Amino acid sequence: MTNDTIINEVTQRKYKYGFVTDIEADQAPKGLNEDIIRFISAKKNEPEFMLEFRLKAYRQWLKMTEPTWAHVKYKPVDYQDIIYYSAPKQKPKLKSMDEVDPEIRRTFEKLGIPLEEQKILAGVAVDIVMDSVSIKTTYKEKLKEKGIIFCPISEAIHTHPELVKKYLGSVVPIADNYFTALNSAVFSDGSFVYIPKGVRCPMELSTYFRINEANTGQFERTLIIAEDSSYVSYLEGCTAPMRDENQLHAAVVELIALDNAEIKYSTVQNWYPGDENGEGGIFNFVTKRGICKGVNSKISWTQVETGSAITWKYPSVILKGDNSIGEFYSVAVTNGYQQADTGTKMLHLGNNTKSTIISKGISAGKSNNSYRGLVKVAKNAANARNFSQCDSLLIGDRCGAHTFPYIEAGNSTAMIEHEATTSKIGEDQIFYCNQRGIDTEKAVSLIVNGYCKEVLNKLPMEFAVEARKLLSISLEGSVG
Amino acid sequence: MLKIHNLSVEIEGKQILEGFNLEVKPGEVHAIMGPNGSGKSTLASVLAGREEYEVTGGEVTFNGKDLLDLAPEERAGEGVFLAFQYPVEIPGVSMVNFLRTSVNAVREYRGLEPLSGGAFLKLMKKKKEILDIDSKLTKRAVNEGFSGGEKKKNEIFQMAMLEPSLSIMDETDSGLDIDALRIVSEAVNKLRNENNSFIVITHYQRLLDYIVPDFVHVLYNGKIVKSGTKELALELEEKGYDWIRNELTPVS
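Quick note, the sequences are listed as chains A and B, same order.
Count the first sequence with this note's numbering and you get residues 1 to 480, in order.
Count the second sequence with this note's numbering and you get residues 1001 to 1252, in order.
Structure representation (structure tokens):
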């Protein structure tokens, strides 16, 4: 294997999950103004407080500018050329899975995630976001017995307005950044989870996102609240159809963990990364943040990011409660012309708070992969502990790996450790595998999976299997 | 089985092997000895298919096939195994996972069904017993944190798992103490039979006390300058490589 062949092979990779489902859409005209916001709110039959929330966000957004500090380059987004609302055609209420649009079901089958199988085998309740409106929520009854609420956020706005009102925007303020303001103004749907006091959610809650309408920006909004001494593990996974035009995605996820509560949030992201020339592909500008509000609470983010043309994402934890714990485990793969600027923020506010950051970046092709992380210890936060490990793995010599760690320790009792390594997949390692009969493609997959093991082990079982497959798929053709 | 005819090899423009000839028949053990820089490891690398070496002349056939035309993984599929002088570490990849991938890749090349998890573990258990391999070894990541002796033992264990018809041992004895040398050699002897062959590359005669070769060749300046039986190795040990050098230098 020579570097020339690596480079030549890089652009050969095709996106495996590129297909488009044909569903009639009910959509807003292109562009964004107060009327569009009123249209979205009216379409969703929202209470007044939501319209106010959206309008406030929109007015904020108008005053803001797009951030430019990330280590990514892209053509400016024309925000007036985006359709901000699009819903699959409304159908009468569905009683069983059989009533789900066969077209949608086929799409999921192509992805190898048949709903039926998931329901029966994995015991996973699935809340599907197809374009912007949730199609179906399963397992609701079973969860209801425990008092758990797991539903589209558009539904929660009607059924539990007090919770939405209290927590929406409480972790990620409207004006946090340009994309959160935009999301707050136009979000269409997403998931809402509420785990009551003392309840351990008996199953992994799971959502599969699909981006489907041409030119449709996706603005999901997720809100998870874990009351005292509760536990929930939430899975988010996504793939998208092949596209010519860039698709903007600006989601906001907010997590709230109260006393002794634990939230585990796992993501496998595999959106269309663009074609062999770097055209198309999803722009993924996401704000994910959790707050360990109560004492002894814990929030873990685990992510496997393989897709998108541009990823701008920093799942963070505010460690407010004493003895609270924040964790971030990440694998970010970039290939072709992909650009990722991802990392985390751990904000230590309470006493005896702990955070762990394990970030594994893998760059291949002509891609750029950056880790950006902030560990901040507030002045009054005694005995804060942080351990960060940021590793970069390079495949070929046309890609880049960058690390931007920021540390602000405001309290002298803080202990912060940071380790960083950069390595190349060795030709010696590949040859060793070759000599044992393993071809180069399989060898890379084996080596990369080994390299990411610490993170993959943090994923729930069924997700880990999927993540391993994705890693292999996304690095196909990255070496000769 | 293996026929090397008039093989010439360069690396970065430097001639390493020149007009090298060797024939290995089934069941034979050939020892290749020689001073540093004589081309011993180059021979091993070229046979296994390392790309940085450029073959500038000659041919190598293996069971009638042009070996030089095959990719390294195809050579492995054909039954060529290299026990590395410096086995690499692959962090995070367990030996079990690695070996299963390896065994099934070779099986696939040979048109065989992959082994099921159960069948594979059974095979591994059997081979471990034969070679007296510590069962913890397979749970660890490939060569990660292994001692020198463990790495070499691990190479022989992989050899046992893959059942190659030609095994090339590249200075397997280097870095081994006497006990480890004995254990590794005994393992190799257990794997010897009338169908498989070995090319044992070494500096020292010591290894050949344990793995008794059928033929001993002395490699010097890229070609075999002397061949004989195991007695040649003893003679070399006694007289040193200067003996060969002096013999080759015409009296002027």
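Cβ atoms here follow ideal geometry from the backbone N, Cα and C, with glycine treated the same way.
Just so you know, these numbers come straight off a predicted model, no measurement behind them.
Residues in its own chain within less than 6 angstroms of residue 160 of chain A by CB, not counting five upstream and five downstream? When the five nearest sequence neighbours on each side are left out, no beta carbon in the same chain lies closer than 6 angstroms to the beta carbon of residue 160 of chain A.
Pull up the CB-CB distance for residue 1112 of chain B and residue 1058 of chain B, whole angstroms please, since I reckon it's below 8 angstroms. Beta-carbon to beta-carbon, residue 1112 of chain B and residue 1058 of chain B are separated by about 33 angstroms, too far to satisfy the 8 angstroms threshold.
Give me the Cβ distance between residue 439 of chain A and residue 1073 of chain B, rounded to the nearest whole Å; I'm assuming they're in contact under 8 angstroms. Cβ-Cβ separation between residue 439 of chain A and residue 1073 of chain B: approximately 5 angstroms, consistent with a contact (criterion under 8 angstroms).
Helix, strand or coil: how does DSSP classify residue 1156 of chain B here? Here residue 1156 of chain B sits in helix by DSSP.
Inter-residue Cα distance where the pair is residue 1009 of chain B and residue 327 of chain A: Answer to the nearest angstrom: the Cα atoms are 53 angstroms apart.
Tell me the DSSP bridge mates of residue 361 of chain A? Paired residue(s): A/332, A/392.
Applying a beta-carbon distance threshold of less than 7 angstroms, which residues of chain B neighbour residue 428 of chain A? Going along chain B in sequence order, the residues near residue 428 of chain A (Cβ under 7 angstroms) are 1088.
Helix, strand or coil for residue 303 of chain A, going by three-state DSSP, please let me know. Residue state, collapsed to three classes: strand.
Quick check on residue 200 of chain A: does DSSP put it in helix, strand or coil? Under the three-state reduction of DSSP, residue 200 of chain A is assigned to strand.
Any beta carbon of chain B sitting closer than 8 angstroms to that of residue 179 of chain A? For residue 179 of chain A, the answer is no, since every Cβ of chain B falls outside 8 angstroms of its Cβ.
Taking C-beta pairs closer than 8 angstroms, name the residues in chain A that residue 1020 of chain B reaches, listed in chain order. The premise fails here: residue 1020 of chain B is roughly 21 angstroms from chain A at the closest Cβ pair, so nothing lies under 8 angstroms.
So, using beta-carbon positions, are residue 335 of chain A and residue 308 of chain A closer together than 8 angstroms? The answer is no: Cβ separation not under 8 angstroms.
Buried or exposed by the 16-neighbour rule on C-beta atoms within 10 Å, applied to residue 475 of chain A: Burial state of residue 475 of chain A is buried, judged by a 10 Å Cβ sphere holding 16 or more other Cβ atoms.
Express the C-alpha separation of residue 1157 of chain B and residue 1129 of chain B in angstroms, rounding to a whole number. Using only the alpha carbons, I get a separation of about 10 angstroms.
Check the Cβ-Cβ distances between residue 1044 of chain B and every residue of chain A, and say whether any is below 8 angstroms. Answer no: the Cβ-Cβ gap between residue 1044 of chain B and chain A never drops below 8 angstroms.
Is the CB of residue 329 of chain A under 8 angstroms away from at least one CB in chain D? Absent from the structure is chain D; the protein chains it does hold are A and B.
Which class does residue 1061 of chain B belong to by DSSP, given the choice of helix, strand or coil? In this structure, DSSP gives residue 1061 of chain B an extended state, which the three-state scheme calls strand.
For the region 1051-1070 of chain B against the region 1135-1145 of chain B, are there 3 or more C-beta pairs whose distance is under 8 angstroms? The region 1051-1070 of chain B vs the region 1135-1145 of chain B: no contact.
What does residue 439 of chain A reach in chain B if we use C-beta pairs closer than 8 angstroms? In chain order: 1071, 1073, 1105.
For residue 289 of chain A, which beta-bridge partners are listed by DSSP? DSSP, once it has assigned bridges, lists A/254, A/316 as partnering residue 289 of chain A.
In or out: residue 1103 of chain B buried (at least 16 other Cβ within 10 Å) or exposed? So residue 1103 of chain B ends up on the buried side.
What residues of chain B sit near residue 451 of chain A, judged by a beta carbon separation below 8 angstroms? For the C-beta of residue 451 of chain A, the chain B residues within less than 8 angstroms are, from N- to C-terminus, 1091, 1092.
Positions along the region 1047-1069 of chain B whose CB lies within less than 9 angstroms of some CB in chain A: Legend: CB atoms of the region 1047-1069 of chain B lying less than 9 angstroms from CB atoms of chain A belong to residues 1048, 1049, 1050, 1051, 1052.
Once DSSP output is grouped into helix, strand and coil, what is the label at residue 1021 of chain B? Shown here, residue 1021 of chain B sits in a strand according to DSSP, grouped into three states.
In the DSSP assignment, find the beta strand (DSSP E) that holds residue 72 of chain A and state where it starts and stops. Counting along the chain, no beta strand (DSSP E) covers residue 72 of chain A, and no H or E run does either.
Would you mind telling me which residues of chain A sit closer than 7 angstroms to residue 1101 of chain B, beta carbon to beta carbon, in chain order? Residues of chain A passing the Cβ test: 438, 442, 446.
If you pair each beta-carbon of the region 1192-1200 of chain B with each one of the region 1158-1177 of chain B, do three or more pairs fall below 8 angstroms? Three or more pairs of CB atoms, one per stretch, sit closer than 8 angstroms, so the region 1192-1200 of chain B contacts the region 1158-1177 of chain B.
Is it buried or exposed, residue 381 of chain A, if we count other Cβ atoms within 10 angstroms and call 16 or more buried? Result: buried.
Helix, strand or coil at residue 1066 of chain B according to DSSP, with G and I counted as helix: Here DSSP, grouped into helix, strand and coil, assigns residue 1066 of chain B to strand.
What do you get for residue 1178 of chain B, buried or exposed, if any count of 16 or more other CB atoms within 10 angstroms of its CB means buried? Exposed, because fewer than 16 other Cβ atoms sit within 10 Å of the Cβ of residue 1178 of chain B.
Just the C-alpha distance for residue 444 of chain A and residue 144 of chain A, rounded to the nearest angstrom, thanks. Rounded to whole angstroms, residue 444 of chain A to residue 144 of chain A spans 45 angstroms at the Cα level.
Looking only at its own chain, which residues have a Cβ that is under 6 angstroms from the Cβ of residue 484 of chain A, when we skip the five neighbours before and after it? Missing from the structure shown is residue 484 of chain A; chain A here goes from 1 to 480 and no further.
What alpha helix (DSSP H) runs, 4 residues minimum, are completely inside the region 1150-1203 of chain B? Counting only runs of 4+ residues, the alpha helix (DSSP H) found wholly inside the region 1150-1203 of chain B occupies 1178-1191, in chain order.
Whole-angstrom distance between residue 398 of chain A and residue 406 of chain A, CA atom to CA atom: Each residue's alpha carbon lies about 26 angstroms from the other.
With DSSP run on the structure shown, which of helix, strand or coil describes residue 40 of chain A? Of the three classes helix, strand and coil, the one that applies to residue 40 of chain A here is helix, per DSSP.
For residue 218 of chain A: DSSP bridge partner residues: Answer by DSSP bridge pairing, in chain order: A/249.
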